[in-house]
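A.B. asks:
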Amino acid sequence: MATAPTLTTATGAEPDPADLPTALSAVHLVGVIDPGMEGLAMHLAARGARVSGSARPDQVCGHVADRLRKAGVSVVERLVPEQVGGLGSVVWSRAVVGPHPELDAAVSRRVPVLARTHALALAGAGFGGGTLAAVWGSHSTATAAAALAHLLDDGRTGWILNTPALGTPAGHHGAARLVTDLSPDTGTHETSPTAPVRLSPGAVSRPTLAPAAMLITAVDPNSPHHEDLPAALAMAEHQARTARTLLVPDLSWWNKPLVFLRERLADRPGPQVVTVGPSSRCGVRISDLEKTTSGTYWAELRHGNSRFRSVVPATGLHHAVTVVCAAATALVLGEDPDALAQRLARFGGVEGSMQHLGTRGGVSVVRSRARHVTEVARDLQAAGELAGQGSVITVLEPDGYVRTRAQADSLGAALDRGHRAVLLPVAAGMPVLDVEDPLEAVAAAARKGLPAERVHTVRTGPCEQSAEEIVTGHAKDGDVVLVVGTHQAPALAERLLTRLDTTA
Numbered sequence: 001m002a003t004a005p006t007l008t009t010a011t012g013a014e015p016d017p018a019d020l021p022t023a024l025s026a027v028h029l030v031g032v033i034d035p036g037m038e039g040l041a042m043h044l045a046a047r048g049a050r051v052s053g054s055a056r057p058d059q060v061c062g063h064v065a066d067r068l069r070k071a072g073v074s075v076v077e078r079l080v081p082e083q084v085g086g087l088g089s090v091v092w093s094r095a096v097v098g099p100h101p102e103l104d105a106a107v108s109r110r111v112p113v114l115a116r117t118h119a120l121a122l123a124g125a126g127f128g129g130g131t132l133a134a135v136w137g138s139h140s141t142a143t144a145a146a147a148l149a150h151l152l153d154d155g156r157t158g159w160i161l162n163t164p165a166l167g168t169p170a171g172h173h174g175a176a177r178l179v180t181d182l183s184p185d186t187g188t189h190e191t192s193p194t195a196p197v198r199l200s201p202g203a204v205s206r207p208t209l210a211p212a213a214m215l216i217t218a219v220d221p222n223s224p225h226h227e228d229l230p231a232a233l234a235m236a237e238h239q240a241r242t243a244r245t246l247l248v249p250d251l252s253w254w255n256k257p258l259v260f261l262r263e264r265l266a267d268r269p270g271p272q273v274v275t276v277g278p279s280s281r282c283g284v285r286i287s288d289l290e291k292t293t294s295g296t297y298w299a300e301l302r303h304g305n306s307r308f309r310s311v312v313p314a315t316g317l318h319h320a321v322t323v324v325c326a327a328a329t330a331l332v333l334g335e336d337p338d339a340l341a342q343r344l345a346r347f348g349g350v351e352g353s354m355q356h357l358g359t360r361g362g363v364s365v366v367r368s369r370a371r372h373v374t375e376v377a378r379d380l381q382a383a384g385e386l387a388g389q390g391s392v393i394t395v396l397e398p399d400g401y402v403r404t405r406a407q408a409d410s411l412g413a414a415l416d417r418g419h420r421a422v423l424l425p426v427a428a429g430m431p432v433l434d435v436e437d438p439l440e441a442v443a444a445a446a447r448k449g450l451p452a453e454r455v456h457t458v459r460t461g462p463c464e465q466s467a468e469e470i471v472t473g474h475a476k477d478g479d480v481v482l483v484v485g486t487h488q489a490p491a492l493a494e495r496l497l498t499r500l501d502t503t504a
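Written as structure tokens, this is what we have:
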């Protein structure tokens, strides 16, 4: 077997990542609060760039904006046109449906407008020669990427994450190496913003990142990024062939299309493929993965002569598997197993990902940031394990009209894993007019498995019941309320805790 390349450590040759390209030395991020943008902004600010960002009025004074300001990022509602002229670039994460003052000002002043993926490639370009590790997947990357950054954090490791780990910034600068989440599914999109909105004269070239190791978590249709499996496989293969070493989970129940990806990669020379699973044929063998009495997991991995044994702090088997795959990636990169075990024991999970917010009156409130139907289904399964003999009440904020329309039947079927479903309005990344609301399709699908009276749709209006009223009217001691979503859902979860406190 070929020896996998290792990341450059503190004793090896280091790049000079603080030497940023001109386009990122003074940069403004439109939608800086969005997933993926926060981590990029923090990383660039830590590298000495002058970073600003704009956000919606209701976000400018929020906790994410406060985190960004503490990291040296200026957060405003909108830049005035005169401020745009001094920038190296403007970064945009979403599709444009009409004129946007900041983007229009950048174009008129010949300032490059870059997609987030373009800016991410520029930020990671200085980390070559084995100093870059990455995670990619159609879904299920947040926990894996955060865990990998945590496991490789030796004081000289930086990261750019779409979702921060609890108590850890989403972006950080380290002089020796970089960990990044390359998943295209960073936020709510109604179309796939893979290319720059418009490049001004003197366009900035886009480098190709070359990770020493890449973990691919899953390959699935995921509108609007890849509408069907062939498109998903094509994108996955393109990403995989940029890496020296590729790690993929190999468990029968996990993600069957990963087998197709491995077959495609075998057609011609490409990265070394290392499988992670229970079989003795796997490059990294999961010889033990069991749930403990405390609700966490215990894992044992074997890679060559290395043996890794550790507690895996995770809620739900699927999150435990992604953390284990991150540990496998670190092992393949040559990290010391004992050091990895010590670091993993301190891993607190990902912000909003099966995060237990509190218990009031015997009712537990848990946050989930799942958007893809596979993530929703697996988080619901984990919530059922938490509830035990109690019931699971799911509060779901579907993500995007395009995604919800494509996954409506599957979402409805997933909700059957709970005992009651409360459906919030679909969260849209842009104004949507004259489009059929897919929420009714989700509700109809859910009613195939749940009694009709247990499926609620929340509508705005003075005579409509709020989600909090519905939940508190049905929740009882021992129940788990799983609040799923990333837009209005997090604030609703906090309000729900308060309401449960007053009604207990």
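The numbering of the sequence shown is UniProt numbering, which starts it at 1 and goes up by one. We treat Cβ as the ideally placed atom computed from N, Cα and C, and that holds for glycine.
(1) Could you tell me whether the Cβ atoms of Val426 and Thr394 are closer together than 8 Å?
(2) Across which residues does DSSP place Ala115 in a beta bridge pair?
(3) Going by Cα to Cα distance, which pick from Thr275, Arg378 and Leu29 is closest to Ser93?
(4) Over what stretch of residues does the alpha helix (DSSP H) that includes Gly412 continue unbroken?
(5) With respect to the alpha helix (DSSP H) encompassing Val27, which residues constitute its N-terminal and C-terminal limits?
(6) Return the CA-CA distance between Leu331 and Arg447, expressed in angstroms with no decimal places.
(7) With 16 other CB atoms within 10 Å as the buried threshold, where does Cys463 fall?
(8) Thinking just about the alpha-carbon of each residue, which of Arg371, Leu386 and Ala387 is nearest to the one in His401?
(9) With three or more beta-carbon pairs closer than 8 Å as the criterion, would you say the region 141-150 touches the region 221-234?
(10) Tell me, please, whether the region 75-87 touches the region 103-110 by the rule of three or more beta-carbon pairs shorter than 8 Å.
(11) According to DSSP, is Pro230 helix, strand or coil?
(12) Which term fits Trp253, buried or exposed, when burial requires 16 or more other beta carbons within 10 angstroms of its beta carbon?
(13) From the DSSP output, read off the bridge partner residues of Asn305.
(14) Distance, Cα to Cα, Val197 vs Gln355?
(15) Between Arg244 and the rest of its own chain, which residues show a CB-CB distance below 8 Å, the 5 nearest in sequence each way excluded?
(16) Roughly how many angstroms lie between the CA atoms of Lys256 and Ala326, to the nearest whole one?
(17) First and last residue of the alpha helix (DSSP H) that includes Met37?
(18) Would you give the residue range spanned by the alpha helix (DSSP H) that Val323 belongs to?
(19) Three-state secondary structure (DSSP) at Ile470?
(20) Taking 8 Å as the threshold (C-beta atoms), are Leu182 and Val248 in contact?
(21) Nearest CA to the CA of Glu468: which residue from Ala240, Leu396 and Ala175?
(22) Between the C-alpha atoms of Arg346 and Phe308, what's the straight-line distance to the nearest angstrom?
(23) Mind checking whether Leu161 and Gly39 have CB atoms under 8 Å apart?
(24) Short of 7 Å in beta carbon distance, which residues of its chain neighbour Pro207, apart from the five on each side in sequence? Order them along the chain.
(25) Over the uninterrupted alpha helix (DSSP H) stretch that includes Gln389, give me the two end residues.
(26) Bridge partners of Thr275, per DSSP?
(27) Could you pull the start and end residues of the beta strand (DSSP E) that Val84 belongs to?
(28) Between the alpha carbons of Cys282 and Asp250, how many angstroms are there, rounded?
(29) Thinking C-alpha only, which one of Pro438, Leu492, Thr457 and His419 is nearest residue 582?
(30) Among residues of its own chain, excluding the 5 on either side of Leu87, which ones have a beta-carbon nearer than 6 Å to its beta-carbon?
(31) Could you check how far apart the C-beta atoms of Arg116 and Val91 are, in whole angstroms? I think they sit under 8 Å.
(32) Identify which residue in Ala444, Asp501, Gly485 and Leu450 has its Cα closest to the Cα of Thr472.
(33) Which partner residues of Arg420 appear in the DSSP bridge assignment?
(34) With 16 as the cutoff for other CB atoms within 10 Å, does Gly348 come out buried or exposed?
C.D. replies: Inspection of the coordinates gives the following:
(1) no
(2) Trp92
(3) Leu29
(4) Tyr401 to Leu415
(5) No alpha helix (DSSP H) contains Val27, which is instead part of the beta strand (DSSP E) from Ala26 to Val30.
(6) 46 Å
(7) exposed
(8) Reading the sequence as shown, one finds Tyr at residue 401 and not His. When each option's Cα is compared against that of Tyr401, the closest is Arg371.
(9) no
(10) yes
(11) helix
(12) exposed
(13) Per DSSP, none; premise fails for Asn305.
(14) In this prediction, Val197 scores a pLDDT of 48, lower than 50, which makes its location untrustworthy; the coordinate-derived value is nonetheless stated afterwards. Val197 and Gln355: Cα-Cα distance of roughly 35 Å.
(15) Ala4, Pro5, Gly130, Ala210, Pro211, Ala212, Ala213, Pro271 and Gln272
(16) 19 Å
(17) Met37 to Ala46
(18) Leu317 to Val332
(19) helix
(20) no
(21) Leu396
(22) 16 Å
(23) yes
(24) Ala121, Leu122 and Ala125
(25) First-last for Gln389: undefined, no H or E at that position.
(26) Val248
(27) Where Val84 is concerned, there is no enclosing beta strand (DSSP E), although the alpha helix (DSSP H) it sits in stretches over Pro81 to Val84.
(28) 8 Å
(29) Because the chain spans 1 through 504 in this model, residue 582 falls outside it and cannot be assessed.
(30) Ala26, His28 and Val111
(31) 6 Å
(32) Asp501
(33) Ile393
(34) exposed
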